[in-house]
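These protein sequence lines are chains L and R, in that order. According to our numbering, the first sequence holds residues 234 to 340 in order. According to our numbering, the second sequence holds residues 17 to 174 in order. All C-beta atoms, glycine included, are put in the ideal place defined by N, C-alpha and C. In what follows, a single structure is set out as structure tokens and then discussed.
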Amino acid sequence: MARTLINAPSAARRGEVIEIRATIGHPMETGFRAGEDGKVLPRNIIQTFSCRYNGELVFSAELFSAVSANPYIAFHTVATESGTLVLSWEGDNGFSQAESIQLAVTA
Amino acid sequence: MTQPMHPPALPRRRHILAGATGLAMGVLLRPASAAAGDLAVAVATYTRGAPVRAGKVKLDIAELVDNGNVVPITVTVDSPMTAADHVKSIAVFNEKNPQRDVARFTLGPRAGKASVSTRIRLATSQQLVAVAQMSDGSYWSHTVNVIVTLAACIEGEP
């Protein structure tokens, strides 16, 4: 399991736009670099990131080799109702990880 | 790279700036390179040939990048983000990395605000383009030129 760092408010008013910032520990090996033996290192990147708010997809991203190691993504969503936001990352070599955060929405 | 690589230990800021200016000049003087054509093709592929207008999009990035391995970028699009009028997707393209694509983001009215940030790699001084697709099917873009003093992935570059 890769380490993740997620920064999001735990509570918000209904209709408020909240910012979610997420980082995950991952080398994001580009597939263009040569290793110590001169051979090109195989690509190992996170290809997709998504955020589901109570099951509904609110944001997703497709990442390429040009995204830095330990990819950081910040985005916004509207607080509509209390519930769970599931952030998931998927990538090469079957990489898959999901983290959930709780959001309490007040009227 | 046609320019000789200066070691990163150049003593004074003036020298670094001079080197950076020289690099920028080299980019300007180079005849219409294949890379620039690639960039246009990548954007056209993304928009499926639809016209792209400049405006509405703001690609926020440092003009002078010290470290090409980690370059923070923020793309903000001027949009009310309502069900009737919102940003559907945002894509970022580069001119001279080994691959034209940088990242693509899919948004919707649930995003509330059309602003995304990430950190990217830049192989050399180059042009970056952010393109946004609106819910009415129009495409808007913002092009930025950046100067990179320490490049990412020097090893693998031809």
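Leucine 296 (chain L) versus chain R: which residues are under 7 Å apart at the beta carbon?
-> By 1-based counting over the first sequence, the position of residue 296 (chain L) is 63. Correct list: Ala119.
Any idea what DSSP makes of leucine 123 (chain R), helix, strand or coil?
-> The sequence position of residue 123 (chain R) within the second sequence is 107, counting from 1. Three-state DSSP puts leucine 123 (chain R) in coil, outside helix and strand.
Own chain, CB closer than 6 Å to threonine 237 (chain L), minus 5 neighbours either side, in chain order = Residue mapping note: residue 237 (chain L) aligns to position 4 of the first sequence, counting from 1. If we look at threonine 237 (chain L) and ignore the five residues flanking it on each side, its Cβ neighbours are Ile257, Glu332.
Compare the C-beta of phenylalanine 328 (chain L) against all C-beta atoms of chain R and say whether one is closer than 8 Å.
-> Taking the first residue of the first sequence as 1, we reach residue 328 (chain L) at position 95. For phenylalanine 328 (chain L), the answer is no, since every Cβ of chain R falls outside 8 Å of its Cβ.
Glutamine 57 (chain R) versus R:Gln115, R:Asp94, R:Ser154, R:Asn85, residue with shortest Cα-Cα distance = Residue numbering aside, residue 57 (chain R) sits at position 41 when the second sequence is read from its first letter. The question names glutamine, but residue 57 (chain R) is valine in the sequence shown. Out of R:Gln115, R:Asp94, R:Ser154, R:Asn85, R:Gln115 has the C-alpha closest to the C-alpha of valine 57 (chain R).
Backbone CA spacing between glycine 172 (chain R) and aspartate 101 (chain R) [nearest angstrom] | If you number the second sequence from 1, residue 172 (chain R) lands on position 156. If you number the second sequence from 1, residue 101 (chain R) lands on position 85. Residue confidence is low: glycine 172 (chain R) scores 42 on pLDDT, short of 50, so the model does not pin down where it sits. No coordinate-derived value is stated.
Quick one, which residues of the stretch 123–153 of chain R are near chain L if we go by CB-CB under 9 Å, in chain order?
-> Leu123, Gly124, Pro125, Arg126, Ala127, Gly128, Lys129, Ala130, Ser131, Val132, Ser133, Thr134, Arg135, Ile136, Arg137, Leu138, Ala139
By Cβ distance below 7 Å, which residues in the same chain neighbour asparagine 326 (chain L) in space, the five residues on each side in sequence not counted?
-> If you number the first sequence from 1, residue 326 (chain L) lands on position 93. Excluding positions up to five away in sequence, the list reads Asn277.
For methionine 150 (chain R), which of R:Arg69, R:Leu144, R:Asp82 has the nearest alpha-carbon?
-> Mapped onto the second sequence, residue 150 (chain R) falls at position 134. Looking at the Cα atoms, R:Arg69 is the closest of the given residues.
Under 9 Å from the C-beta of valine 300 (chain L): neighbouring residues of chain R = Locating residue 300 (chain L) in the first sequence gives position 67, where the first residue counts as 1. Under the 9 Å cutoff, chain R gives Val118, Ala119, Thr134, Arg135, Ile136, Arg137.
Just reading off the beta strand (DSSP E) that alanine 307 (chain L) is part of, what are its end residues?
-> Here residue 307 (chain L) refers to the residue found at position 74 of the first sequence. Segment 305–311, the beta strand (DSSP E) holding alanine 307 (chain L).
Is valine 117 (chain R) helix, strand or coil by DSSP?
-> In the second sequence, counting from the first residue as 1, residue 117 (chain R) sits at position 101. For clarity, residue 117 (chain R) is aspartate in the given sequence; the question names valine instead. Three-state DSSP puts aspartate 117 (chain R) in a strand.
Helix or strand or just coil, what does DSSP make of asparagine 287 (chain L)?
-> Within the first sequence, residue 287 (chain L) is the residue found at index 54, counting from 1. In the structure shown, asparagine 287 (chain L) sits in coil (DSSP, three-state: anything other than H, G, I, E or B).
Around the Cβ of threonine 61 (chain R), are there at least 16 other Cβ atoms within 10 angstroms (buried) or fewer (exposed)?
-> The residue given as residue 61 (chain R) occupies position 45 in the second sequence. So threonine 61 (chain R) ends up on the exposed side.
Buried or exposed by the 16-neighbour rule on C-beta atoms within 10 Å, applied to arginine 64 (chain R) = Counted from its first residue, the second sequence places residue 64 (chain R) at position 48. Classification for arginine 64 (chain R): exposed.
Taking just the CA atoms, how far does isoleucine 89 (chain R) sit from asparagine 287 (chain L)?
-> On the first sequence, residue 287 (chain L) is found 54 positions in, with the first residue counted as 1. On the second sequence, residue 89 (chain R) is found 73 positions in, with the first residue counted as 1. Their backbone Cα atoms lie some 29 Å apart in a straight line.
Note down the Cα distance separating isoleucine 306 (chain L) from serine 293 (chain L), rounded to an integer number of angstroms.
-> Stepping through the first sequence from its first residue, residue 306 (chain L) is reached at position 73. Stepping through the first sequence from its first residue, residue 293 (chain L) is reached at position 60. Taking the straight line joining both Cα atoms gives about 10 Å.
With a CB to CB cut of under 7 Å and the five nearest residues on each side skipped, what residues in its chain are close to alanine 245 (chain L)?
-> Here residue 245 (chain L) is taken as the residue at index 12 of the first sequence, counted from 1. Correct list, in chain order: Ile251, Ala312, Leu336, Val338.
Exposed or buried, what is valine 212 (chain R) when buried is set at 16 or more other beta-carbons lying within 10 Å of its beta-carbon?
-> The structure shown has nothing for residue 212 (chain R), since chain R only spans 17 to 174.
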